[in-house]
Amino acid sequence: MRSLLTLIILCFSFSTTRSQSKMPALDKSPMDMSYYPNNFPLLKIQDKITEPLIARVVYSRPQKAGRVIFGELIEYGKVWRLGANEATEIEFYKDVKISNSKIKKGRYTLYCIPYADKWTLILNKETDTWGSFKYDMKKDLLRVTIPVQKQVELTEEFVMAFEKISGGAALAIAWDDVKLTLPISF
Amino acid sequence: MYTRKKILFTALFFTGLVFTACSRPAKKNPEENMVKQIPAIIKDSNLLSIDRSPMDMIYFPVDYPKEKMANPGLQDPLARVIYSRPQKNGRLIFADTSVTKNVIQHYGQEWRLGANEATEIEFFKTATINGKRIAPGRYIIYCIPSPDKWKIIFNSNLFSWGLHMDKNKDITETDIAAINNDRPAEYFTMVFQNAAYGCNLVMEWGDVKAIMPISFN
Chain U
1 MRSLLTLIIL
11 CFSFSTTRSQ
21 SKMPALDKSP
31 MDMSYYPNNF
41 PLLKIQDKIT
51 EPLIARVVYS
61 RPQKAGRVIF
71 GELIEYGKVW
81 RLGANEATEI
91 EFYKDVKISN
101 SKIKKGRYTL
111 YCIPYADKWT
121 LILNKETDTW
131 GSFKYDMKKD
141 LLRVTIPVQK
151 QVELTEEFVM
161 AFEKISGGAA
171 LAIAWDDVKL
181 TLPISF
Chain L
1001 MYTRKKILFT
1011 ALFFTGLVFT
1021 ACSRPAKKNP
1031 EENMVKQIPA
1041 IIKDSNLLSI
1051 DRSPMDMIYF
1061 PVDYPKEKMA
1071 NPGLQDPLAR
1081 VIYSRPQKNG
1091 RLIFADTSVT
1101 KNVIQHYGQE
1111 WRLGANEATE
1121 IEFFKTATIN
1131 GKRIAPGRYI
1141 IYCIPSPDKW
1151 KIIFNSNLFS
1161 WGLHMDKNKD
1171 ITETDIAAIN
1181 NDRPAEYFTM
1191 VFQNAAYGCN
1201 LVMEWGDVKA
1211 IMPISFN
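Going line by line, the protein sequences match chains U and L.
Take 1 as the starting number for the first sequence in this note's numbering and just add one per residue.
Take 1001 as the starting number for the second sequence in this note's numbering and just add one per residue.
Here is the structure:
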């Protein structure tokens, strides 16, 4: 019992030390950024830009780490923040169209409601927020349902990246055995 | 024996709970609640993998997104920084140009205050730094370090990679003191800290710390 007590005390002192430390450690789910056109900042300093900046997504990247993601870790039918930590942010630098709806240039948050065969993607106006805990449906700008594509090669780290398609770009979203693409036209 | 084991397990379980509760924010994310399992051997997708110098984001007021979650009526944030966090990795961080091996950044030369993309700072209200007014908006910032001070430069060339600064787009610059950091930082770190006049943007790496005072009006 004494060793157990020591353990409890150790745990307490460890967590106290952690809360005293002001400087943040590295995130377990690090943040990342994707642009359309892809690698826009690099192209910019190399004078290789052929089309203007259209969109940027800022999100965090949780890892699969041996877990079953969709339907288990992330429950079907519930709003998910498409990443980790802060709510995922998408910014458009010109007006675009998603599923025939006009989206004005600006900064938005992006959420989803996953199901086994399709996801509802949600564009919302409330920015600079954490996760989906206070997600407010009244601030939705758009909801669009897109089909799930199963992939054979698993994606370990949640990822979002833009792909060029005719008439615009698609935001590709992949994690575990699931991939989806959201077409954006401009 | 069985009962003792059971008690021990129960106690351990609760200890774990206490530990988890103490060391994490009150609201838990589902993915963080999971017990870590030994990862199976998984082939990475050939999409992007995680950066060696991961990106991070800070707000002023401090922890604004979490504060907003607790208090949805919160007024707009004042500032946000998006930067990347390179690692010291046994190297010398700052040195003069006579040092050529195992050094990251020479004094007197432009540094992107991070890694990868140029570091981005956004003010949601007019900011004043060392008497210089900076209009609300988004900028990139970079630094020219010296042993005792850093020149911080605001520039309008947004969405660019941090290895080439377009001097024609410099907006304003200001010198801030570089001091000794008594707790060396392995990763380059930026944080906002409250100050009577607004906030300090504290930047530290290795044994160097630089503090930029910002007020808002």
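Glycine is no exception: its CB is placed at the ideal position from the N, C-alpha and C atoms.
Quick caveat, the model's predicted, so the values are computed rather than measured.
Item                                                                                                                                                                                  : Value
In angstroms with no decimal places, state the Cα-to-Cα distance between K257/U and R1052/L.                                                                                          : Beyond the ends of chain U as shown, which are 1 and 186, falls residue 257/U; an answer cannot be given.
Near I1153/L, which residues of its chain fall below 6 Å by C-beta distance, leaving aside the five closest residues on each side in sequence?                                        : Y1142, D1170 and E1173
Indicate whether at least one CB of chain L lies closer than 7 Å to the CB of F40/U.                                                                                                  : yes
To be precise: take each residue of the stretch 1151 to 1167 of chain L, compare its Cβ to all Cβ atoms of chain U, and keep it if any distance is under 7 Å. Which residues remain?  : F1159, S1160, W1161, L1163 and H1164
Looking at the C-beta of D128/U, does it have a partner C-beta in chain L at a distance below 7 Å?                                                                                    : yes
Can you determine whether any heavy atom of the ligand ZN sits closer than 6 Å to the C-beta of I1152/L, and answer yes or no?                                                        : For the ligand ZN, the structure offers nothing, since it holds no ligand at all.
Please state if the CB of C1199/L and the CB of I1179/L are separated by a distance shorter than 7 Å.                                                                                 : no
Please confirm if the stretch 82 to 93 of chain U is in contact with the stretch 126 to 142 of chain U, defined as three or more CB-CB distances below 8 Å between the two stretches. : yes
Let me see if you follow: with CB-CB separation under 7 Å, is D1056/L close to chain U or not?                                                                                        : yes
Quick check: what's the CA-CA separation for S1156/L versus T1189/L?                                                                                                                  : 23 Å
Does DSSP put A1070/L in a helix, a strand or coil?                                                                                                                                   : helix
Helix, strand or coil for Y1187/L per DSSP?                                                                                                                                           : strand
Exposed or buried, what is L26/U when buried is set at 16 or more other beta-carbons lying within 10 Å of its beta-carbon?                                                            : exposed
Excluding sequence positions up to five away, which residues of its chain have a Cβ less than 8 Å from the Cβ of R61/U?                                                               : S29, P30, M31, D32, G83, A84, E157, F158 and V159
Given that V58/U touches chain L, what residues does it touch there, using C-beta distances under 9 Å?                                                                                : M1055, M1057 and I1082
Can you tell me whether DSSP reads I992/L as helix, strand or coil?                                                                                                                   : Nothing about residue 992/L can be reported from this structure: the residues present for chain L run from 1001 to 1217 only.
Just to confirm the assignment, what range does the alpha helix (DSSP H) spanning K44/U have?                                                                                         : F40 to I45
Start and end of the beta strand (DSSP E) containing F1216/L?                                                                                                                         : G1198 to F1216
With DSSP as the reference, label Y115/U as helix, strand or coil.                                                                                                                    : coil
Opposite H1106/L in the DSSP bridges: which residues?                                                                                                                                 : A1095/L
For L43/U, count neighbouring Cβ atoms within 10 angstroms of its own Cβ and tell me buried if that reaches 16, exposed if not.                                                       : buried
Once you ignore the five residues that flank E91/U on each side, which residues in its own chain have a CB closer than 6 Å to its CB?                                                 : R56 and R107
Run through chain U and tell me which residues come within less than 9 Å of M1069/L, C-beta to C-beta.                                                                                : T129, W130, G131, F133 and K134
Against chain L, does L53/U count as a neighbour if the rule is that its beta carbon must be under 7 Å from one of theirs?                                                            : yes
Use the C-beta contact count for P147/U: other C-beta atoms within 10 angstroms, 16 or more gives buried, fewer gives exposed.                                                        : exposed
How about the stretch 1074 to 1086 of chain L and the stretch 1103 to 1117 of chain L: do they share at least three Cβ pairs that are nearer than 8 Å?                                : yes
Consider the Cβ of K1066/L: report whether some Cβ of chain U lies at a distance smaller than 7 Å.                                                                                    : yes
Flag this pair as yes or no: are the beta carbons of Y1059/L and P1077/L separated by less than 7 Å?                                                                                  : yes
For E1204/L, which residues from the same chain have a beta carbon less than 6 Å from its beta carbon, with the 5 sequence-adjacent residues on both sides left out?                  : N1181, A1185 and T1189
How is Y1064/L classed by DSSP in three states: helix, strand or coil?                                                                                                                : helix
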